[in-house]
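Engineer: Numbering (the working numbering), first residue to last: 241 to 504. We put the CB at the ideal spot given by N, CA and C, even for glycine. Note that this is a predicted model, so its numbers are computed, not measured.
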Amino acid sequence: MTINQKLVDLLRWYQDLGISVAVGGGPANHYAPLRTLVPKASFTKREEPPIKRPLAAAALTPSPPVLPSRLDLSQCETLGALRRALEDFEGCALKKTATNLVFADGNPKARVMLVGEAPGADEDRQGFPFVGVSGQLLDRMLATIGLDRTSVYITNIIPWRPPGNRQPTPQEIAACKPFVERHIELIHPEILVLVGGIAMKTLFNTNDGIMRLRGTWKSYASPGLKSPIKAIATYHPSFLLRSPGQKAQSWQDLLMIKRALGAG
Ligand code: URA
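Written as structure tokens, this is what we have:
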């Protein structure tokens with residue numbers, strides 16, 4: 241096996257583990273003896289040396305839990321203020337590995353607001369939600385009922401990309417949930433579309449699966465909302481890309497949204 245082939249295999253192995261981001265701020269000499277990487281003088285006799293985890297592995301470690309009830313975002317009265325609060329928020333380690341904050345896209349005055357799960361690689365690069373392959377499918381789905389990004393507003397439960405597109409952990413979801421709740425309060429759409437199981441479970445505090453929950457109207461409420469919002473869950477486009485047989489059910493959900501907009 242050539243050295244190039246070995247390197248390619250190693251990179252594939254990293255990719256399979258979900259390590260797809262370079263985390264270090266500068267170049268690291270991984271061939272240097274450990275002694276030169278950890279200065280001796282930093283330990284006293286009784287202290288255990290800190291365990292040094294590789295940076296990429298640290299990126300995959302779940303963030304520390306944050307108590308969302310302590311986070312009062314009611315003072316964020318504009319989308320700009322909410323965005324700045326997220327930029328300043330240090331309670332979710334995903335921020336450290338992400339390239340960009342993915343805040344939102346679309347029209348803040350839209351009647352329809354969509355909430356997805358978390359950004360992927362394309363969204364992380366561009367700083368906007370649903371701009372990759374699944375976003376293209378979402379755009380086509382919306383177009384079938386006459387909607388586009390001038391007539392919807394889109395955000396995610398998690399505003400930073402989980403490394404390697406892994407699922408966000410319950411701690412990361414709990415840390416970010418107050419922000420998406422405030423986001424919905426500020427937009428106060430007529431119709432809230434929960435795109436995929438994570439969005440549905442997070443905002444309705446349920447463990448039921450998306451297959452059971454999709455396709456029926458629900459009422460979404462939160463303390464900062466003057467009135468409840470009509471909400472519906474539907475399949476995530478990345479699920480539909482893997483299971484195109486479920487598109488017929490998605491179509492039913494889209495028709496329900498279209499009818500509700502017609503009636504509104
Ligand atoms: N999947 C999501 O849930 N959100 C995005 O922004 C992109 C992919």
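Shorter than 8 Å, the distance from the beta carbon of residue 396 to the closest heavy atom of the ligand URA, or not?
Structural biologist: At least one heavy atom of the ligand URA is nearer than 8 Å to the Cβ of residue 396, so yes.
Engineer: For residue 510, tell me which candidate among 434, 457, 486, 461 has the shortest Cα-Cα distance.
Structural biologist: It is not possible to answer for residue 510, since the shown part of the chain is limited to 241 through 504.
Engineer: Just mark residue 306 as buried or exposed, buried being the case when its beta carbon has 16 or more other beta carbons within 10 Å.
Structural biologist: With a pLDDT of only 48 at residue 306, under the threshold of 50, the placement of this residue in the model should not be trusted, and no figure is reported.
Engineer: Rank 367, 424, 491 by C-alpha distance to the C-alpha of residue 348 and give the top, closest one.
Structural biologist: Nearest C-alpha to residue 348: 424.
Engineer: Starting from residue 415, follow the alpha helix (DSSP H) in both directions and report where the run begins and ends.
Structural biologist: Element bounds for residue 415: 410-427.
Engineer: Excluding sequence positions up to five away, which residues of its chain have a Cβ less than 7 Å from the Cβ of residue 393?
Structural biologist: The residues are 344, 346, 347, 348, 350, 353, 427, 429.
Engineer: Starting from residue 438 and walking both ways along the alpha helix (DSSP H), at which residues does that stretch end?
Structural biologist: First-last of the alpha helix (DSSP H) with residue 438: 437-444.
Engineer: Which stretch, first to last residue, makes up the beta strand (DSSP E) that contains residue 458?
Structural biologist: Here the beta strand (DSSP E) through residue 458 covers 458-460.
Engineer: Under a criterion of Cβ closer than 7 Å to any non-hydrogen atom of the ligand URA, which residues qualify, in chain order?
Structural biologist: After applying the 7 Å Cβ criterion, the set is 342, 356, 357, 358, 359, 360, 363, 369, 370, 372, 374, 375, 396, 435, 436, 476, 478.
Engineer: In whole angstroms, what separates the C-alpha of residue 504 from that of residue 470?
Structural biologist: Taking the straight line from one Cα to the other gives about 11 Å.
Engineer: Please name the residue, chosen from 416, 361, 379, that lies closest to residue 404 on a Cα-to-Cα basis.
Structural biologist: The residue with the shortest Cα to Cα distance from residue 404 is 361.
Engineer: If you draw a straight line from the alpha carbon of residue 246 to that of residue 336, how long is it in whole angstroms?
Structural biologist: Their Cα atoms are separated by approximately 30 Å.
Engineer: The alpha helix (DSSP H) spanning residue 349 covers which residue range?
Structural biologist: That residue, residue 349, is in no alpha helix (DSSP H); it is neither H nor E in DSSP.
Engineer: Could you tell me the alpha carbon to alpha carbon distance between residue 375 and residue 391, rounded to whole angstroms?
Structural biologist: In a straight line, the C-alpha of residue 375 is about 15 Å away from that of residue 391.
Engineer: Take every Cβ of the segment 316-336, pair it with every Cβ of the segment 368-386, and state whether three or more of those distances are shorter than 8 Å.
Structural biologist: Flag = no, the segment 316-336 and the segment 368-386 do not touch.
Engineer: Work out the CA separation of residue 338 and residue 527 for me, nearest whole Å.
Structural biologist: Residue 527 lies beyond the residue range present for the chain, which begins at 241 and ends at 504; the question has no answer from this structure.
Engineer: Nearest by alpha-carbon distance to residue 384: which of 248, 249, 498, 242 is it?
Structural biologist: When each option's Cα is compared against that of residue 384, the closest is 498.
Engineer: Please go through the same chain and pick out, in chain order, the residues whose beta-carbon is closer than 8 Å to the beta-carbon of residue 364, but skip the five residues on each side of it.
Structural biologist: 338, 339, 340, 342, 400, 401, listed in sequence order.
Engineer: With a 10 Å radius around its C-beta and 16 neighbouring C-beta atoms as the bar for buried, classify residue 488 as buried or exposed.
Structural biologist: When all chains shown are included, residue 488 counts as exposed.
Engineer: Is it buried or exposed for residue 474, if we count other Cβ within 10 angstroms and need 16 for buried?
Structural biologist: It counts as buried.
Engineer: Beta carbon of residue 436, beta carbon of residue 478: below 9 Å?
Structural biologist: Yes, Cβ-Cβ distance for residue 436 and residue 478 is below 9 Å.
Engineer: Exposed or buried, which one is residue 536 when buried takes at least 16 other CB atoms within 10 Å?
Structural biologist: What the structure shows of the chain is the stretch from 241 to 504, and residue 536 is not part of that stretch, so it cannot be assessed.
Engineer: Considering residue 384, what are the terminal residues of the alpha helix (DSSP H) in which it resides?
Structural biologist: That run of the alpha helix (DSSP H) goes 373-384.
Engineer: For the putative contact between residue 410 and residue 358, defined by C-beta atoms under 8 Å, what is the C-beta separation to the nearest angstrom?
Structural biologist: No, residue 410 and residue 358 are not in contact; Cβ-Cβ is about 13 Å, not under 8 Å.
Engineer: If I measure Cβ to Cβ from residue 481 and keep anything under 8 Å in the same chain, skipping five residues before and after, which residues do I get?
Structural biologist: Cβ neighbours of residue 481 beyond the five flanking positions: 373, 374, 377.
Engineer: Consult DSSP for residue 345 and reduce its assignment to one of helix, strand or coil.
Structural biologist: In this structure, residue 345 counts as strand in the three-state DSSP scheme.
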